[in-house]
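Chemist: Chains as they are written, first to last, in our numbering: chain A, 23 to 382; chain B, 4 to 553.
Built from N, CA and C at the ideal position, the CB exists for glycine as well.
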Amino acid sequence: MSITKKVTILAVGLGLVTVSACGSSGGDDRSGGGSKTVTLVSHNSWAASEEVVAAFEKESGYKLKVLEDGDAGQAVNKAILTKDNPQGDVFFGVDNTLLSRALDNGLFQSYEVKDADSILPEYRVDGGEHRVTPVDTGDVCVNYDKEWFAERKLTPPRTFDDLTEPEYKNLLVVENASTSSPGLGFLLGTVAEYGDDGWTDYWKKLKANGVKVADGWEQAYNEEFTGSAGGKKAKADRPLVVSYASSPPAEVIYADPRPDTAPTGVAEGTCFRQVEYAGLLSNAKNPEGGKALLDFLVGKRFQEDMPLNMFVYPVREDARVPAEFTEFGPQAKDPRTMAPAKIADHRDQWVKSWTSLVLK
Amino acid sequence: MSRTAAGWRGNAARLGLMAVPVAFFAVFFAYPVAAIVARGLKAEGTWQLGRIGEVLAQSDVRQVLWFTTWQALASTALTLLIALPGAYVFARFEFPGKQVLRAVVTVPFVLPTVVVGTAFMALVGRGGLLDELWGLRLDTTVWAILLAHVFFNYAVVVRTVGGLWAQLDPRQEEAARVLGASRFAAWRTVTLPALAPAVAAAALMVFLFTFTSFGVVQILGGPTFSTLEVEIYRQTSEIFDLSTAAVLTMIQFVAVGAILALHAWTVRRRETALRLVDASVTARRPRGAGQWALLGGVVATVGVLLLLPLAVLVERSFAGAGLGYYRALTRGDGGVFLVPPIEAVGNSLQYAVAATAIAVVIGGLASVALTRRDAGRLVRGFDALLMLPLGVSAVTVGFGFLIALDEPPLDLRASWILVPLAQALVGVPFVVRTMLPVLRAVDVRLREAAAVLGASPWRAWREVDLPMVRRALLIAAGFAFAVSLGEFGATVFIARPENPTLPVAVARLLGRPGDLNYGQAMALSTILMIVCAVALLVLERLRTDRTGEF
Chain A
23 MSITKKVTIL AVGLGLVTVS ACGSSGGDDR SGGGSKTVTL VSHNSWAASE EVVAAFEKES
83 GYKLKVLEDG DAGQAVNKAI LTKDNPQGDV FFGVDNTLLS RALDNGLFQS YEVKDADSIL
143 PEYRVDGGEH RVTPVDTGDV CVNYDKEWFA ERKLTPPRTF DDLTEPEYKN LLVVENASTS
203 SPGLGFLLGT VAEYGDDGWT DYWKKLKANG VKVADGWEQA YNEEFTGSAG GKKAKADRPL
263 VVSYASSPPA EVIYADPRPD TAPTGVAEGT CFRQVEYAGL LSNAKNPEGG KALLDFLVGK
323 RFQEDMPLNM FVYPVREDAR VPAEFTEFGP QAKDPRTMAP AKIADHRDQW VKSWTSLVLK
Chain B
4 MSRTAAGWRG NAARLGLMAV PVAFFAVFFA YPVAAIVARG LKAEGTWQLG RIGEVLAQSD
64 VRQVLWFTTW QALASTALTL LIALPGAYVF ARFEFPGKQV LRAVVTVPFV LPTVVVGTAF
124 MALVGRGGLL DELWGLRLDT TVWAILLAHV FFNYAVVVRT VGGLWAQLDP RQEEAARVLG
184 ASRFAAWRTV TLPALAPAVA AAALMVFLFT FTSFGVVQIL GGPTFSTLEV EIYRQTSEIF
244 DLSTAAVLTM IQFVAVGAIL ALHAWTVRRR ETALRLVDAS VTARRPRGAG QWALLGGVVA
304 TVGVLLLLPL AVLVERSFAG AGLGYYRALT RGDGGVFLVP PIEAVGNSLQ YAVAATAIAV
364 VIGGLASVAL TRRDAGRLVR GFDALLMLPL GVSAVTVGFG FLIALDEPPL DLRASWILVP
424 LAQALVGVPF VVRTMLPVLR AVDVRLREAA AVLGASPWRA WREVDLPMVR RALLIAAGFA
484 FAVSLGEFGA TVFIARPENP TLPVAVARLL GRPGDLNYGQ AMALSTILMI VCAVALLVLE
544 RLRTDRTGEF
């Protein structure tokens, strides 16, 4: 009995102590202007090599703290909700499909990074205001299972038009454009290709050709796509999937032993380019540290480290891309693009039309 | 006179006990949810209540509400139908491997839905068991959703109902039979009324879980099915239309509130003091063909519906690589994480222990305060209120935390404690719902006898109530632990890249192409299952060590 009593008292005591302790430690974390910690708010795809982060901390004198705040959409929305009292100093990970929402809500303050001239001009946006800095790009493209097509002696599709051809009937799986980032990217790619009036006709043809919609990338790629590890184990039957241009190199790098060639390929004419930006948060507690962090994000060292960590491409002209990327997954030559403002104006309407056209 | 004074003291004591849970819910639930709803419905300082009508007028919103409700009712009915025989078998029969099996049926509960989707496809999807046997494919049908809900919630019924069933004195039913009642009549008039509160509690929890179902509906139902929870997520996370999200949250609130009221009304009329005995004396080996058939049927159901999907995950964690995926988990060079993924096990355990401690303390205090059935309206209202976190979207709570808990002394946004706090919100209802039926079943005359013999209220509670509820307490702790181990929605917002929890790590690995990532996700899911099963077995052991006190 006495043991039980002690345990109960201990548990109650522990509960109260932890609750009160967290109150004070929470306060310590944000001790204001002279802080030597700089906080990066990002989404849950953030990754960087330990040495590269250590080099930043050594050179700048700031300790880097990273908060991952859900997926890309959630992270942006949460940053907007907390903009008067932000959780950190720099936000990284707003892409061109959400950029206008972030800018219109006053999420960022101006800062021109030191190396701004080294950034490829096609990725610079926001006129002379410099509220955001491009950090990386990625291409959403249809991937194909090489072995599947080789076995059937069928040429894999190359363009959007090809996907509606009868020989590719019932082969493609895409993601839900209203809940998935690559799903939205692919939809925007078709709008860019066929225009505001033509894209619905294209999707009607795609639907008639047996396109399947999965809810997210995980389901499409890991369950439905014949070229993935999960798909093979789950007896998948779709050899075409909407994924990224960097997926084939990832298939090589994350295989043991590494194969000589990538098991999957990219339909080059189906790509839509996403650009991810970072910016100094309005009301940042440590703006000087934030500026140093932004300089670091577009610095050569980070830009060259980034591809193998986040599977994206650098925006710097002089950043070398790792051999795995050039060999197994070259960047698309002529991807579809769209201005952030146009996306912001039409996004919800397009997704709505797409939903009733394809899902209902 | 003295009776009134004692009554007043009793009420004061109850209010004192309730102060902690009330404060907890006010600060960590009511305030954040109110803050995010207010943010959505207030524009330039004035309330936009017209939005409520506008949103309700949309036909697709009404459609979503209808689908949400009927699939939850159907899932609850199906779960009770399939799991109640299981509850009986686990409560009354002694058979080899019973403890392990009882721990294993709780495992689905902790698995992240992304993983369960994968596993469940092996049962109902292309090339799955049903497809191989009868060419039957249920994926993207509502049946896949309903069966997955049974998969998830089987343990809720088995543990909540079985926990009480095991402690009902079988001699009462036997007495009824001796007096001439048929087997069924004896069960219907003696056992069923005694079980009703536990069945109702289990049904309520299953309903709340399925009413707010999110991952299962999206993954197994495909993008054509949508629940309120899915819509709230889309409006908050994707479209960023906080006013629509606020209205939907309120609709969900009203619906959940109505169910809670209905539940409180039906249960209150049924709860009676019961004669509880030690669970170990009620269970015995099955006798006769009928009982063996029942045991066989339950084991077969558990085998197909629960064990097969879990076995698929285990198989895939070895297939083609032997122990290769497990070895890869211990390396830190994968690029997906800053640390070896295996460290997620330690992180998850730490969070789960903290969350369980909070849930047991808060839920335990609340249960004790709510024990007396003649308590006032206020107390009853609080009883229902404690269940509300199960009926509110994790996204709503997560976003609410962010804007509500951002000023000292409650600037908890960057603190690790937010993870166990959010997890405890879901754990507390389990603690209350598991403990309350047992506490209320304790014969009040026992407490009175203790008081007459000179025991203080605390001593009376310790000597009378505690021994009887210890079993329920451990079951409740097991639930709270399991819930927190598998919790994803709130954790994903808060977990740091350097210390991911198991479900967060699994989701990250599945979010990348490549054989090694997929294999490691399966291996880590297998580890998550084992950690959960072992933790639950240890909890069961704690119980059997002390059974002498019953």
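Could you give the distance in angstroms between the alpha-carbon of alanine 80/B and the alpha-carbon of threonine 269/B?
Modeler: 17 angstroms
Chemist: Take the Cβ of valine 301/B as the centre, count every other Cβ of all protein chains shown within 10 Å, and call the residue buried at 16 or more, exposed below.
Modeler: buried
Chemist: Would you call proline 383/A buried or exposed, if buried means 16 or more other Cβ atoms sit within 10 Å of its Cβ?
Modeler: Absent from the structure is residue 383/A, since the part of chain A shown begins at 23 and ends at 382.
Chemist: To the nearest angstrom, report how far apart valine 315/B and arginine 42/B are at their CA atoms.
Modeler: 45 angstroms
Chemist: Taking all protein chains shown into account, decide if isoleucine 533/B is buried (16 or more other Cβ within 10 angstroms of its Cβ) or exposed.
Modeler: exposed
Chemist: When the distance is taken between beta carbons, is leucine 513/B closer than 8 angstroms to leucine 531/B?
Modeler: The answer is no: Cβ separation not under 8 angstroms.
Chemist: Whole angstroms are fine: how far does the CA of leucine 405/B sit from the CA of alanine 69/A?
Modeler: 23 angstroms
Chemist: If contact means a Cβ-Cβ distance below 7 angstroms, which residues of the stretch 159–187 of chain B contact chain A?
Modeler: none
Chemist: Hey, how far is the Cα of threonine 104/A from the Cα of glycine 56/B?
Modeler: 28 angstroms
Chemist: Taking any Cβ of chain A, which residues in the stretch 216–228 of chain B have a Cβ under 8 angstroms from it, in chain order?
Modeler: Gln221, Ile222, Gly225, Pro226 and Thr227
Chemist: Check the DSSP bridge columns for serine 64/A and list the partner residues they point to.
Modeler: Glu90/A
Chemist: Quick check on DSSP: helix, strand or coil for aspartate 370/A?
Modeler: helix
Chemist: Taking the alpha-carbon of leucine 62/A as reference, which of Val98/A, Glu73/A and Glu81/A has the nearest alpha-carbon?
Modeler: Nearest option by C-alpha distance: Val98/A.
Chemist: Between the stretch 302–326 of chain A and chain B, which residues of the former have CB atoms less than 8 angstroms from a CB of the latter, in chain order?
Modeler: When C-beta distances to chain B are compared with 8 angstroms, every residue of the stretch 302–326 of chain A stays at or above that value.
Chemist: For glutamine 296/A, write down the residues that DSSP places opposite it in a beta bridge.
Modeler: Gly160/A
Chemist: Verify whether the separation of the beta carbon atoms of valine 600/B and leucine 297/B is less than 8 angstroms.
Modeler: No answer is possible for residue 600/B: the residues shown for chain B start at 4 and end at 553.
Chemist: For the stretch 158–173 of chain A, which residues have a beta carbon sitting closer than 8 angstroms to at least one beta carbon of chain B?
Modeler: none
Chemist: Arginine 54/B by DSSP, collapsed to three states: which one?
Modeler: helix
Chemist: Within 10 angstroms of the Cβ of aspartate 518/B, are there 16 or more other Cβ atoms? Answer buried if so, exposed if not.
Modeler: buried
Chemist: So, do the stretch 187–199 of chain B and the stretch 153–168 of chain A have three or more beta carbon pairs nearer to each other than 8 angstroms?
Modeler: For the pair of segments examined, the stretch 187–199 of chain B was found not to touch the stretch 153–168 of chain A: the number of CB pairs separated by less than 8 angstroms stays below three.
Chemist: So arginine 383/A and serine 132/A are in contact, right, with Cβ under 8 angstroms, and what is the actual spacing, rounded?
Modeler: For chain A, the structure presents residues 23 to 382; residue 383/A sits outside this window and is missing.
Chemist: So, with DSSP's three-state summary, where would you put glutamate 177/B?
Modeler: helix
Chemist: Identify the contact partners of alanine 322/B in chain A, using a Cβ-Cβ distance below 9 angstroms as the criterion.
Modeler: Lys255
Chemist: Between the beta-carbon of isoleucine 222/B and the beta-carbon of valine 117/B, is there less than 8 angstroms?
Modeler: yes
Chemist: For the stretch 516–529 of chain B, which residues have a beta carbon sitting closer than 7 angstroms to at least one beta carbon of chain A?
Modeler: Pro516, Gly517, Asp518, Leu519, Asn520, Tyr521 and Gly522
Chemist: Interface residues of chain B around glutamine 96/A at Cβ under 7 angstroms?
Modeler: Ser240
Chemist: Check whether the stretch 167–180 of chain A and the stretch 321–336 of chain A are in contact - that is, three or more C-beta pairs closer than 8 angstroms.
Modeler: no
Chemist: From the DSSP secondary-structure annotation, give me the bridge partner or partners of tyrosine 335/A.
Modeler: Thr159/A
Chemist: List, in chain order, every chain A residue whose beta-carbon is nearer than 7 angstroms to that of valine 117/B.
Modeler: Glu240
Chemist: Determine, using beta carbons only, whether tyrosine 335/A comes closer than 8 angstroms to chain B.
Modeler: no
Chemist: Do you know offhand how far lysine 364/A's Cα is from proline 392/B's?
Modeler: 40 angstroms
Chemist: Helix or strand or just coil, what does DSSP make of glutamine 96/A?
Modeler: helix
Chemist: If we define contact as Cβ-Cβ less than 8 angstroms, is alanine 76/A a contact residue for chain B?
Modeler: no
Chemist: Measure the Cβ-Cβ separation of alanine 199/A and leucine 206/A and say whether it is below 8 angstroms.
Modeler: yes
Chemist: Rounded to the nearest angstrom, what separates arginine 287/B and leucine 195/B at their Cα positions?
Modeler: 20 angstroms
Chemist: Going along the chain, which unbroken runs of the alpha helix (DSSP H) with 4 or more residues stay wholly within the stretch 250–335 of chain B?
Modeler: Segments of the alpha helix (DSSP H) lying fully in the stretch 250–335 of chain B: 282–285, 291–304, 311–321 and 327–332.
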